[in-house]
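Taking the numbering used here, the leading residue of the sequence shown gets 71, the next gets one more, and so forth. All residues carry an ideal CB built from backbone N, CA and C; glycine is no exception.
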Amino acid sequence: MSLPVRRKSAVYTALAVRHSRMSTFLRFPAVSARVALKKSAVYKRIAEGTFPAPVLLSARCAVWPEDEIDAWMQAQIEAAQPAPRPVPGPTDPAGSSRASRAAKARPQYRPAPVAILVSA
Numbered sequence: 071m072s073l074p075v076r077r078k079s080a081v082y083t084a085l086a087v088r089h090s091r092m093s094t095f096l097r098f099p100a101v102s103a104r105v106a107l108k109k110s111a112v113y114k115r116i117a118e119g120t121f122p123a124p125v126l127l128s129a130r131c132a133v134w135p136e137d138e139i140d141a142w143m144q145a146q147i148e149a150a151q152p153a154p155r156p157v158p159g160p161t162d163p164a165g166s167s168r169a170s171r172a173a174k175a176r177p178q179y180r181p182a183p184v185a186i187l188v189s190a
């Protein structure tokens, strides 16, 4: 005698999918540690609109969704990436090294002619 196979209900599947997309809430110490900013810097950026605002669960309980903090961190990383450098063009055949360019730009030192007096 074999046991009947239990199929997952549609409700169970929907809950599992919803749970996989759910974000955890982070309290301020966790947010501060994660983004490496102190309290004044976080709240200054919230006032400027450059940091996610907290969700108020009660009058004294502010939390941040973890996925919003992660998205903010990713945006900071992408903003800090340097712009791609342009591909250099053809080089100067006469020599394009930094030293040769500097030597070309610098005037050459030539001592002033000196008259030599010979007495007899």
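- Around the beta-carbon of V101, 16 or more other beta-carbon atoms lie within 10 Å, marking it buried.
- Here A132 carries a strand assignment [DSSP, helix/strand/coil].
- In this structure, the CA atom of V112 is about 18 Å from the CA atom of A150.
- I116: member of the alpha helix (DSSP H) spanning K109 to E118, first to last residue.
- For V125, the three-state secondary structure derived from DSSP is strand.
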